[in-house]
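Residue numbers (full-length UniProt numbering): 1 to 224.
Since the structure comes first, as structure tokens, the remarks are kept for the end.
Here's what the structure looks like:
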């Protein structure tokens with residue numbers, strides 16, 4: 001992240017998107033007043049000039065480069081070796097609001113989340129999660145938010161987008177089929193959700209991150 005200041009001193013950030021650790025953003029803004037400062041992202045990629053927000057953001061940027069140059073499968077294998085997430089996009093917020101898994105203290109929630117992940121294509125909603133957990137709606141919302149940091153509805157939307165991302169990376173399914181299999185319904189809804197969560201639409205995402213070994217059909221379905 002501190003490398004952004006070297007780029008700024010060299011004038012290489014003028015007119016380009018750039019970021020750094022959130023604590024140093026104001027300092028970078030003064031050092032590079034003509035830069036297009038991105039205050040709420042993990043990293044930026046403007047071709048030959050790349051910046052990241054913090055040490056972990058730098059690892060995310062490295063994975064982004066591996067995935068761009070060598071495909072999703074290689075990047076995923078490297079992420080597993082590093083014991084880190086494999087699909088954090090540059091446009092994702094530095095203050096990450098994606099859900100964390102519930103602890104062992106909430107086995108019922110973990111079971112419900114696993115159940116939901118196996119049925120994303122089925123159009124399940126929050127009320128179905130409440131029913132599976134066998135809690136009152138108020139209790140479920142409270143315990144879910146306490147365990148994950150997000151609402152159940154937000155969690156479902158994020159999981160559907162993440163599954164859509166995997167399908168776009170690893171299959172040649174048309175966008176409308178990806179939308180169906182991920183439970184997002186229509187191609188228009190998939191595009192809207194992906195732009196909101198990832199910052200790009202499905203077509204752009206696939207062009208950037210599709211694995212060289214992508215199959216024509218998905219190997220598994222989440223509708224069972």
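No residue lacks a Cβ here, since even glycine has one placed at the ideal position from N, Cα and C.
Does residue i come within less than 9 Å of chain D when only Cβ atoms are used?
i: residue 51; result: The question asks about chain D, but that chain is absent: this structure has only one protein chain.
From what residue to what residue does the beta strand (DSSP E) around residue i run?
i: residue 203; result: First-last for residue 203: 202–209, but that is the alpha helix (DSSP H), not the beta strand (DSSP E).
i: residue 50; result: 50–52
Taking only three categories from DSSP, how would you classify residue i?
i: residue 20; result: coil
i: residue 37; result: strand
i: residue 111; result: helix
i: residue 12; result: coil
i: residue 73; result: helix
i: residue 45; result: strand
i: residue 222; result: Here the model assigns residue 222 a pLDDT of 42, short of 50, so the residue's position is not dependable, and the following value carries that caveat. Three-state DSSP puts residue 222 in coil, outside helix and strand.
i: residue 56; result: helix
i: residue 230; result: This structure leaves residue 230 out entirely; the chain is present only between 1 and 224.
i: residue 5; result: helix
i: residue 184; result: coil
i: residue 98; result: Unreliable positioning characterises residue 98 in this predicted model, as indicated by a pLDDT of 41, which lies under 50. A coordinate reading is not provided.
Out of the options, point me to the one whose CA is closest to residue i's CA.
i: residue 19; options: 201, 72, 60 and 44; result: 44
i: residue 169; options: 204, 120, 113 and 79; result: 204
i: residue 27; options: 189, 111 and 4; result: 4
i: residue 12; options: 22, 46 and 23; result: 46
i: residue 108; options: 75, 125 and 144; result: 144
i: residue 162; options: 190, 148 and 64; result: 190
i: residue 33; options: 133, 14, 148 and 49; result: 14
i: residue 177; options: 159, 202 and 197; result: 202
i: residue 122; options: 139, 65, 180 and 142; result: 180
i: residue 151; options: 141, 160 and 159; result: 141
i: residue 154; options: 193, 22, 56 and 188; result: 193
Grab the span of the alpha helix (DSSP H) containing residue i for me, first residue to last.
i: residue 25; result: 25–31
i: residue 178; result: 175–181
Quick test of your reading: residue i and residue j, contact by CB under 8 Å. State the CB separation rounded to the nearest angstrom.
i: residue 182; j: residue 120; result: 6 Å
i: residue 129; j: residue 118; result: Residue 129 to residue 118, Cβ: 13 Å. No contact.
Checklist entry - Which runs of the alpha helix (DSSP H) spanning at least 4 residues fall entirely within the segment 113–171, listed in chain order? => result Uninterrupted alpha helix (DSSP H) stretches at least 4 residues long and entirely within the segment 113–171 occur at 126–133, 137–148 and 152–170, given in chain order.
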